[in-house]
Amino acid sequence: MRILAMDSSGLTASIAVVEEEQILCEYTMNYKKTHSQTLLPMLDDAVRMTGLSLDSIDAIAVAGGPGSFTGLRIGSATAKGLGLALDKPLIHIPTVDAMAYRLYGFGGLICPIMDARRNQVYTGVYRFENSFEIVERQMAEDIVKLAELLNSYGEKVVFLGDGVPVYKEKIRECVTVPFSFAPPHLNRQSAAAVGALGLVYAKEGKLENARDHQPDYLRVSQAERERMEREKGREE
Amino acid sequence: MNEAKDITILAIESSCDETSAAVVRNGREVLSNVISSQIDLHKLYGGVVPEIASRKHIEKINQVIEEALKEAKYTLDDIDAIAVTYGPGLVGALLVGVAEAKAIAYAKKLPLIGVHHIEGHISANYIENKELEPPFLCLVVSGGHTHLVCVEDYGKYQILGKTKDDAAGEAFDKVARAIGLGYPGGPKIDKLSKEGNSDAIAFPRAHVGDSVYDFSFSGVKSAVLNYINGCKMKGQEYNTADIAASFQKAVTDVLVDHAMKGVENYGLKKLAIAGGVASNSSLRMAMKQACEEREIEFYYPSPILCTDNAAMIGAAAYYDYLNGIRSGWDLNAVPNLKLGER
Chain Z
1 MRILAMDSSG LTASIAVVEE EQILCEYTMN YKKTHSQTLL PMLDDAVRMT
51 GLSLDSIDAI AVAGGPGSFT GLRIGSATAK GLGLALDKPL IHIPTVDAMA
101 YRLYGFGGLI CPIMDARRNQ VYTGVYRFEN SFEIVERQMA EDIVKLAELL
151 NSYGEKVVFL GDGVPVYKEK IRECVTVPFS FAPPHLNRQS AAAVGALGLV
201 YAKEGKLENA RDHQPDYLRV SQAERERMER EKGREE
Chain D
1 MNEAKDITIL AIESSCDETS AAVVRNGREV LSNVISSQID LHKLYGGVVP
51 EIASRKHIEK INQVIEEALK EAKYTLDDID AIAVTYGPGL VGALLVGVAE
101 AKAIAYAKKL PLIGVHHIEG HISANYIENK ELEPPFLCLV VSGGHTHLVC
151 VEDYGKYQIL GKTKDDAAGE AFDKVARAIG LGYPGGPKID KLSKEGNSDA
201 IAFPRAHVGD SVYDFSFSGV KSAVLNYING CKMKGQEYNT ADIAASFQKA
251 VTDVLVDHAM KGVENYGLKK LAIAGGVASN SSLRMAMKQA CEEREIEFYY
301 PSPILCTDNA AMIGAAAYYD YLNGIRSGWD LNAVPNLKLG ER
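Protein sequences, first through last, are from chains Z and D. As numbered in UniProt numbering, residues 1 to 236 make up the first sequence, in order. As numbered in UniProt numbering, residues 1 to 342 make up the second sequence, in order.
So, in structure tokens, the structure goes:
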């Protein structure tokens with residue numbers, strides 16, 4: 001099985017081709033440029049350098065959210081277009097799950113945090129016992145509440161993600177269990193992890209048609225939120 | 001350039017609140033033109049909400065493309081190029097179409113052509129008027145744009161004038177809201193105007209400084225709002241049909257006047273209109289009459305081709321294709337793209 005994977009949910013733009021035994025290639029940039037301009041040229045570079053035939057891909061895995069709304073849609077539309085043109089299924093990988101999967105085998109809790117603004121992070125809590133275990137499903141959460149949640153588990157925890165530089169001080173202040181921060185080669189989104197988790201999903205039959213795929217934003221749009229608040233206000 | 005061979009283009013448009021895909025042969029023959037409108041969703045907010053529009057585009061885009069291919073009885077293997085609107089428009093909305101089009105073109109090893117949205121509107125006129133060729137003058141009027149353009153050749157444009165503030169369609173929306181008609185305002189004002197007297201109220205015909213061709217619609221919009229407020233303060237009733245008709249006449253007069261100056265000064269024999277407001281019955285009638293008086297050929301697309309649609313993008317892309325224009329894999333959405341720029 002061979003999976004083309006991509007993640008454009010944050011500042012990271014990443015594409016990878018993942019096989020059962022190895023990563024054929026991975027191209028990751030943490031550089032401020034729009035994914036709209038970089039993602040496809042990155043794929044093109046990788047394809048040309050490996051002489052890969054796109055028809056040999058079995059499925060396309062994409063980080064399906066949460067993340068930057070626009071970034072998610074660039075990844076999704078790219079995956080949907082490829083899926084449509086190549087007639088291949090898509091695999092929707094929750095962004096935070098894939099980030100945690102990078103730290104496969106870590107003995108303790110894994111807590112990716114993505115800066116979600118408004119004092120919130122997109123996060124989740126994970127653990128490896130015998131297999132990859134989702135302790136707390138991905139969510140948008142207040143950073144202080146997240147610290148309280150982690151403290152209640154009483155286990156050591158490793159943080160990663162672009163929320164770390166933003167909330168480092170807050171974490172030092174509020175987290176009472178032993179904690180650490182993942183090093184640079186493991187601390188951001190990676191398409192290789194999306195693809196590796198994609199292999200697991202594919203074996204479990206968690207495939208979707210390119211037509212039906214859409215990102216999971218974890219948040220409604222601001223306009224919808226304000227409208228719902230207004231309507232709620234009227235009811236009260 | 002081998003003109004004997006048919007060129008069939010799959011075109012994608014997602015610049016605002018319509019998700020559309022079309023299959024167009026040789027620029028003028030529309031094999032399919034599927035449009036998924038989100039208008040009912042945006043009515044709740046009194047206008048287009050960019051984030052909601054973008055979300056809807058990603059939800060619908062594959063379905064719309066698949067339907068367009070199916071209706072045309074084409075597969076991607078029979079397509080010669082992929083075209084997509086890359087600006088101007090809402091950036092988040094544009095990006096969905098651009099990323100999708102790039103991925104399809106890349107996977108199928110097809111040429112990619114980024115198309116200017118206004119160029120698409122202008123080219124909508126080619127579809128039903130097989131004999132229309134440049135040069136001609138085109139008035140593009142929609143909710144987002146008001147441009148008077150001299151189409152010198154395929155892909156070659158000179159902008160004579162544009163709005164300095166509100167687009168014509170935007171003024172329709174705002175006035176419609178003020179008289180309680182709701183969104184979108186254009187068709188509602190058009191309908192209500194038929195019951196009103198267009199000479200009942202003298203709203204201003206604004207001209208912009210020393211520019212013969214530029215437009216300004218915020219003045220007439222404010223005049224309508226002031227008129228309504230004035231009536232309310234005096235406790236007077238006001239006739240919304242008369243307001244609609246008089247406002248529509250004020251806008252139409254200016255559009256026709258500028259267009260006629262354009263054809264006369266540039267010695268053009270053909271005039272086309274395009275964009276959502278080109279469906280307005282009063283504008284069509286007044287422009288037709290003015291053209292007849294001057295023996296100028298008048299062209300206008302049917303209402304479905306006046307709205308945002310992908311067929312017009314496929315029409316424009318055909319001439320870009322013949323001119324050797326190709327976009328790279330780094331094609332980006334350009335929300336403020338200027339006509340004639342790449």
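No residue lacks a Cβ here, since even glycine has one placed at the ideal position from N, Cα and C. Nothing here was measured: the structure is a model prediction, and the numbers come from that model.
In the DSSP assignment, the beta strand (DSSP E) including residue i goes from what residue to what residue?
| i | result |
| --- | --- |
| A61 (chain Z) | A59 to A63 |
| C25 (chain Z) | I23 to M29 |
| A83 (chain D) | A81 to G87 |
| L110 (chain D) | From DSSP, L110 (chain D) is part of no beta strand (DSSP E); its letter is neither H nor E. |
| G10 (chain Z) | It is not in any beta strand (DSSP E) - G10 (chain Z) carries neither H nor E in the DSSP assignment. |
| M114 (chain Z) | L109 to D115 |
| residue 244 (chain Z) | Any answer about residue 244 (chain Z) is impossible in this case: the structure gives chain Z only from 1 up to 236. |
| L160 (chain D) | K156 to K162 |
| T38 (chain Z) | Element bounds for T38 (chain Z): not the beta strand (DSSP E) but the alpha helix (DSSP H), H35 to T50. |
| R25 (chain D) | E18 to R25 |
| F172 (chain D) | From DSSP, F172 (chain D) is part of no beta strand (DSSP E) but of the alpha helix (DSSP H) over A168 to A178. |
| V220 (chain Z) | Where V220 (chain Z) is concerned, there is no enclosing beta strand (DSSP E), given that its DSSP letter is neither H nor E. |
| Y300 (chain D) | Unbroken run through Y300 (chain D): none, as it is neither H nor E. |
Please return the same chain residues whose Cβ sits closer than 8 Å to the Cβ of residue i, not counting the five positions on each side in sequence.
| i | result |
| --- | --- |
| A168 (chain D) | V141, S142, T146, F215, F217, V251, L255 and V277 |
| E208 (chain Z) | P89, L90, I91 and H92 |
| V175 (chain Z) | A147, L150, N151 and V157 |
| R177 (chain D) | G46, Y183 and G185 |
Cα-Cα, which of the options is closest to residue i?
| i | options | result |
| --- | --- | --- |
| G180 (chain D) | D:K5, D:T240 and D:D40 | D:T240 |
| P111 (chain D) | D:N323, D:L339 and D:P335 | D:N323 |
| K338 (chain D) | D:V149, D:I7, D:I9 and D:K269 | D:V149 |
| K5 (chain D) | D:N33, D:I39 and D:I79 | D:I79 |
| V125 (chain Z) | Z:F106, Z:N30 and Z:L72 | Z:F106 |
| C138 (chain D) | D:A310, D:A286, D:E297 and D:I273 | D:I273 |
| T78 (chain Z) | Z:M29, Z:P41 and Z:M99 | Z:P41 |
| P50 (chain D) | Z:E226, Z:S221, Z:K232 and Z:E129 | Z:S221 |
| E71 (chain D) | D:A21, D:D308 and D:V212 | D:A21 |
| R205 (chain D) | D:K249, D:I7 and D:A245 | D:K249 |
What residues in its chain sit with their C-beta under 6 Å from that of residue i, if we drop five residues either side in the sequence?
| i | result |
| --- | --- |
| A61 (chain Z) | I3, A5, I91, I93, V194, G195 and G198 |
| N280 (chain D) | D190 |
| H57 (chain D) | S14, T19, A93 and V96 |
| P178 (chain Z) | K156 |
| R127 (chain Z) | L109, E133 and V135 |
| D7 (chain Z) | S14, A63, Q189, A191 and V194 |
| K43 (chain D) | Y183 |
| L76 (chain D) | K108 |
| N332 (chain D) | none |
| Y74 (chain D) | V23 |
| E224 (chain Z) | none |
| V166 (chain Z) | D115 |
| G295 (chain D) | With the sequence shown as reference, residue 295 (chain D) is identified as Glu, and Gly is not the correct amino acid for it. Answer for E295 (chain D): no residue qualifies. |
Which two residues bound the contiguous alpha helix (DSSP H) that contains residue i?
| i | result |
| --- | --- |
| F69 (chain Z) | F69 to L86 |
| P187 (chain D) | G185 to S193 |
| K221 (chain D) | S218 to M233 |
| D150 (chain Z) | Checking the displayed sequence, the identity of residue 150 (chain Z) turns out to be Leu instead of Asp. I143 to Y153 is the span of the alpha helix (DSSP H), which, as asked, contains L150 (chain Z). |
| N62 (chain D) | P50 to A72 |
| H117 (chain D) | H117 to E128 |
| L41 (chain D) | I39 to K43 |
| A333 (chain D) | Element bounds for A333 (chain D): n/a, residue is neither H nor E. |
| V256 (chain D) | T240 to N265 |
Can you find the residues in the same chain that come closer than 7 Å, C-beta to C-beta, to residue i, ignoring five residues on each side of it along the sequence?
| i | result |
| --- | --- |
| G81 (chain Z) | none |
| K221 (chain D) | D166, A171, K174 and V175 |
| I118 (chain D) | V140, H145, H147 and L339 |
| L41 (chain D) | I52 and K56 |
| Y162 (chain Z) | The sequence shown places Asp at residue 162 (chain Z), rather than the Tyr named in the question. Closer than 7 Å at Cβ, skipping near neighbours: G10, L11, M114, D115 and R188. |
| R219 (chain Z) | A140 |
| N119 (chain Z) | D142 and I143 |
At least 3 beta-carbon pairs within less than 8 Å: the stretch 34–52 of chain Z vs the stretch 92–107 of chain Z: no
Three or more C-beta pairs below 8 Å linking the stretch 86–103 of chain D and the stretch 119–135 of chain D: No, the stretch 86–103 of chain D does not touch the stretch 119–135 of chain D.
The stretch 194–201 of chain D contacting the stretch 299–313 of chain D, beta-carbon criterion three pairs below 8 Å: no
Touch test, the stretch 177–196 of chain Z against the stretch 211–222 of chain Z, Cβ-Cβ under 8 Å, three pairs minimum: Result no; under three Cβ-Cβ pairs closer than 8 Å.
The stretch 113–129 of chain D in contact with the stretch 15–35 of chain D per 3-pair CB rule at 8 Å: Under the 8 Å Cβ criterion, the stretch 113–129 of chain D counts as touching the stretch 15–35 of chain D, having at least three qualifying pairs.
Inter-stretch contact (C-beta, 8 Å, three-pair minimum) for the stretch 56–67 of chain D and the stretch 34–47 of chain D: yes
Given 8 Å, three or more beta-carbon pairs between the stretch 151–166 of chain D and the stretch 318–336 of chain D: yes
Sufficient close CB pairs (3 or more, under 8 Å) joining the stretch 45–65 of chain Z to the stretch 9–17 of chain Z: yes
Cβ pair count under 8 Å reaching 3, the stretch 74–88 of chain D against the stretch 326–337 of chain D: yes
Those runs of the beta strand (DSSP E) which lie wholly inside the stretch 158–187 of chain Z and span at least 3 residues: 179–181
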